[in-house]
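Working notes, beginning with the structure itself.
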Amino acid sequence: MLYQKILTEAQPYQLILGSMSGFAEHRHADIELNFCVRGSFEVIIDKERYQVREGEMSMIAPGVSHAFPSSRQPERRVLTVILGTSFLKKHFAHFTKCAFSRPVCRVNGESGREMLSEALQNMVALYEERTEKSELLLTAELYRVCACLLDEMPQGEEKRSGVDRHTVASIEPALEMIYYDYPKDLTVEQAAAVTGYGKSNFCKIFKRITGIGFHQALNRRRVRVACGLLTETDMPIAGIAAEVGFAEAKTFCRVFKQIEGKTPGEYRRA
27 MLYQKILTEA
37 QPYQLILGSM
47 SGFAEHRHAD
57 IELNFCVRGS
67 FEVIIDKERY
77 QVREGEMSMI
87 APGVSHAFPS
97 SRQPERRVLT
107 VILGTSFLKK
117 HFAHFTKCAF
127 SRPVCRVNGE
137 SGREMLSEAL
147 QNMVALYEER
157 TEKSELLLTA
167 ELYRVCACLL
177 DEMPQGEEKR
187 SGVDRHTVAS
197 IEPALEMIYY
207 DYPKDLTVEQ
217 AAAVTGYGKS
227 NFCKIFKRIT
237 GIGFHQALNR
247 RRVRVACGLL
257 TETDMPIAGI
267 AAEVGFAEAK
277 TFCRVFKQIE
287 GKTPGEYRRA
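The sequence shown runs 27 to 296 under this note's numbering.
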């Protein structure tokens, strides 16, 4: 799996094509789409549980709580798309005011969603090319997807989320730190500093939004990446531990078992 550093003016979106490991309940200030290319996955959106099957897509509006329960399915392939304000610019405001009419929708073979299906299939095909041309074409397909999403967000329908988007956005730098800098030796103090909060206020706000503490979220992110490496590579466990930010393999194995319910070796053999 590829985890690109994104949501900046230089790279205003994130694309991940992989097997999708579990991730605890969290929120962020961006739009998140998960298109199931092969297999199936489960997602919890605003406490409601949904099963997403091949050819279907989950749609998560900014500030809405969501989680992905852990499930081992090596053959599964999911295209995750995360879009922020720097990509949609003035149009992003519409997505913060409305809720998706249906958090999960059928894409492939569905009347009225032919353009959306074609755009997503094209993105999957372009993902591996890594050329200047494919990057431009991917951007074009992303805009097509966004245009289609407007049909899924009727005007006047308010989101159910009770957390203010600006509060979610205020801790976004800390969430980005977890998402992209997880291999580093991160501290709560560093996370609080990038958000502008004092340590105590940061911890309260972070837990209110994500439902867990900073170190729990960081470890879950590290374990999520480790699950992909265990499934898709032959890297030794000690190497994976170092790759995802654990100084000692023993600590990595303990944390991994706490989160996944089995050791890294058991997970790889399952």
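Backbone N, C-alpha and C define an ideal beta-carbon position, used for all residues, glycine too.
CA-to-CA distance, residue j to residue i, given in whole angstroms
i, j, result
"S137", "T236", "36 Å"
"S97", "G287", "11 Å"
"V171", "L146", "7 Å"
"Y223", "D72", "26 Å"
"H92", "V69", "7 Å"
"R76", "S66", "It should be pointed out that residue 76 corresponds to Tyr in this sequence rather than to Arg. Cα-Cα distance, rounded: 11 Å."
"I263", "V281", "13 Å"
"R132", "G89", "23 Å"
"Y205", "S143", "28 Å"
Which residues DSSP lists as bridging residue i, in chain order
i, result
"R75", "I70"
"H92", "H52 and I71"
"C131", "M83"
"T106", "I42 and N60"
Contact check, residue i vs residue j, beta carbons under 9 Å
i, j, result
"R248", "V270", "yes"
"S45", "T257", "yes"
"F200", "F228", "Contrary to the premise, residue 200 reads as Ala rather than Phe in this sequence. A contact, by the Cβ cut-off of 9 Å."
"V107", "I57", "yes"
"Y153", "L168", "no"
Whole-angstrom C-beta distance between residue j and residue i, which should lie under 8 Å
i, j, result
"A252", "I231", "28 Å between Cβ atoms; not a contact."
9 Å Cβ cutoff, residue i in contact with chain D
i, result
"A50", "Protein chains in the displayed structure number just one, and chain D is not present."
DSSP state of residue i mapped onto helix, strand, coil
i, result
"Y205", "helix"
"N60", "strand"
"T165", "helix"
"M149", "helix"
"Y39", "strand"
"G237", "coil"
"L114", "helix"
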